[in-house]
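Written out below as structure tokens is the structure these notes cover.
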Amino acid sequence: MTFHAFRTWAAITLLACLTLTGCAHVQPPVPLDHQFWDAKEPTIGVAITVLPAPVLALTGNQGLIDYAINRGVNSKLSDNVEHWQTRDLNTLPDVIVAKLQAKGYKAKRIDEPLDLQKFKETSFREGYTVRDLTPIKAAQGVDRLLLVNVFATGATRSYYSVVPTSAPMAQVTGQGMVVDLADNKLLWFQPFAAVQAAQGEWDEPNYANLSNAFYQAMDTSRQQMITPFAQ
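Here the sequence shown stands for residues -26 to -1, 1 to 205, numbered as in mature numbering (1 follows the signal peptide of the UniProt record, and there is no 0).
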């Protein structure tokens, strides 16, 4: 992994930790343990959040004028990124449901993507969500929620003023969690970040190599979410 890729991954991981915990607190990862694996009676609802559209994120030390210039320089790339497709992520809950059912767990797909902003915010407690997800229990007839929360798709490129300090990198980032819907306790919490460089020239016509990198990153993120439940 290049230094830029590592730096991007680290920043994304921190952002993933902050998404459900507020800007002042970081929720550390919570590993799957016997509390999850030993309980086959609870019904597990598996869902994904509303997927964000792919965008080109320009990061780094940029002033307002710098940023405007950089957006203009990258306008063609940005337009291309916005046409990338994320529909393969929507099948992720179905794969996880199948893995859990094969192990004897009661699991079902929650068809409607979740919008976390619609749930009431609560104060931070380590090991718990800061969105009250308990209404899902009655609404969906499930005891636990396995949620794939995707909060960034597309590509990222860093700048210092108007000078690029990296080539564009494809990215898919978010977090996975299992929530006890009795009290919002996290039975599992894991940020994920798939950052992928283009193989070959990224700026060839139509950005084919960078586009391929995005779909590789999307596949990597899928595997990061599937693997804990496939072992």
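For glycine and all other residues, C-beta sits at the position ideal for the given N, C-alpha and C.
As a quick exercise: from the options, pick the residue whose alpha carbon is nearest that of residue i.
| i | options | result |
| --- | --- | --- |
| proline 26 | Leu107, Thr60, Leu51, Ala144 | Thr60 |
| alanine 129 | Ala182, Ser52, Thr201 | Ser52 |
| histidine 57 | Tyr189, Gln197, Asp193, Thr194 | Tyr189 |
| histidine -2 | Pro28, Gln91, Ser97 | Ser97 |
| threonine 17 | Leu32, Gln91, Phe125, Val71 | Val71 |
| arginine 118 | Glu95, Glu100, Leu160 | Leu160 |
Determine the burial state of residue i: buried for a count of at least 16 other Cβ atoms within 10 Å of its Cβ, exposed for fewer.
| i | result |
| --- | --- |
| threonine 147 | buried |
| alanine 191 | buried |
| glutamine 75 | exposed |
| leucine 38 | exposed |
| threonine 103 | buried |
| threonine 65 | exposed |
| serine 185 | buried |
| glutamine 1 | buried |
| glutamine 205 | exposed |
| threonine 23 | buried |
| threonine -6 | Here the model assigns threonine -6 a pLDDT of 43, short of 50, so the residue's position is not dependable, and the following value carries that caveat. Counting Cβ neighbours within 10 Å, threonine -6 comes out buried, since at least 16 surround it. |
| arginine 45 | exposed |
| alanine 21 | buried |
Between which two residues does the alpha helix (DSSP H) holding residue i run?
| i | result |
| --- | --- |
| alanine 42 | 38 to 47 |
Mind checking if residue i is an interface residue toward chain D, Cβ cutoff 7 Å exclusive?
| i | result |
| --- | --- |
| valine 4 | The chain labelled as chain D is not found in the depicted structure, where only one protein chain is given. |
State the start and end residues of the unbroken beta strand (DSSP E) segment that holds residue i.
| i | result |
| --- | --- |
| threonine 33 | 29 to 35 |
Quick check on the DSSP output: what are the complete alpha helix (DSSP H) runs of length 4 or more inside the region 65 to 114, in order along the chain? 66 to 76, 109 to 114
Could I get the ranges of all uninterrupted beta strand (DSSP E) runs contained in the region 120 to 197, with 3 residues as the minimum, in chain order? 143 to 154, 159 to 171
Quick check: the region 129 to 146 against the region 96 to 113, are at least 3 beta-carbon pairs closer than 8 Å? no
Cβ contact (3+ pairs, closer than 8 Å) linking the region 152 to 163 and the region 172 to 180: no
Decide if the region 12 to 21 is in contact with the region 164 to 173; the criterion is three or more beta carbon pairs, one per stretch, under 8 Å apart. no
Fully enclosed by the region 1 to 25, which beta strand (DSSP E) runs are 3 residues long or longer? Qualifying beta strand (DSSP E) stretches, in chain order: 17 to 22.
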